[in-house]
Amino acid sequence: MESTREFTIHELVLDDAVGLCRLMVSNMARFERFFPNTLRQNLTVKTSQDFISKKQEQFEANFEFTWALKEVTSGKLIGLIILKELNWIDGVGELAYCIDKNYNGKGWTTQAVKIISRHSLEHFRLNTLQIVVHKSNTASLRVAEKCGYIWKRTLSEAYTPPKEKALDMELYELSQPTLQ
């Protein structure tokens, strides 16, 4: 789909199963709180293959879009960006993203979210994109802000991590006119 000097972004394909499984397992502690379902579905290569097949069906059905983020030099799968919770009538979708702990802080997530945001607003003709993040996830808050997303409100008890009480989450939005 898109490339920079550092990484490529493309739709998940079955050949990504080993890399996806490695990403999830090696970042288990990092992903278990806010990506528990994705993590649980990618603990073996076989479950990653099943996950990717499901994501390809969702991609083709315009239900949900999942992209792989890969480092150019190694070809290693280092992250995911997901466009989900699509409301085609109102033109709204939510972005979720994760990156390997070894690539955190390089600005690659911000670049990738900018690319996917622009693509989602232009190609899918969405009016508004949302990012929902917990206030403790300062790296993700910075990504949202650097990508031009504007804080809208706190969503009371909007997400319940495994074995925890419901958490308030912060809602950020990017609308067509504010796209940079």
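Sequence positions in the sequence shown follow this note's numbering and run 279 to 458.
By construction, the Cβ of each residue, glycine as well, lies at the ideal position given by its N, Cα and C atoms.
1. For a quick check, are the C-beta atoms of H288 and K348 less than 9 Å apart?
2. Does Q458 come out as helix, strand or coil in the three-state DSSP assignment?
3. For the region 334-341 against the region 304-319, are there 3 or more C-beta pairs whose distance is under 8 Å?
4. Based on Cα-Cα distance, which residue from T416, E280 and Q327 lies nearest to R300?
5. So, are the CB atoms of L321 and G371 less than 9 Å apart?
6. For Q458, which residues in the same chain have their Cβ closer than 6 Å to its Cβ, ignoring the five residues on either side in sequence?
7. Tell me whether the beta-carbon of A436 lies closer than 9 Å to the beta-carbon of T387.
8. Which whole-angstrom value describes the C-beta separation of T432 and E442, a residue pair presumed to lie in contact below a C-beta threshold of 8 Å?
9. For A444 and A295, what's the separation of their Cα atoms in angstroms?
10. Thinking C-alpha only, which one of D378, N340, C376 and Y375 is nearest L459?
Result, derived from the coordinates:
1. yes
2. Residue placement at Q458 cannot be trusted, given a pLDDT of 47 that sits under 50; what the coordinates show is reported in the next sentence. Assigned with DSSP and collapsed to three states, Q458 falls in coil, not helix or strand.
3. no
4. In this structure, Q327 is the residue among T416, E280 and Q327 with its C-alpha nearest to the C-alpha of R300.
5. no
6. Any reading at Q458 needs caution, since the residue's pLDDT is 47, under 50, leaving its predicted position unreliable; the model's value is listed next. These residues qualify, in order along the chain: G426.
7. no
8. Not really, about 17 Å apart at Cβ, beyond 8 Å.
9. 32 Å
10. Examination of residue 459 is not possible in this model, given that the chain is present from 279 through 458 alone.
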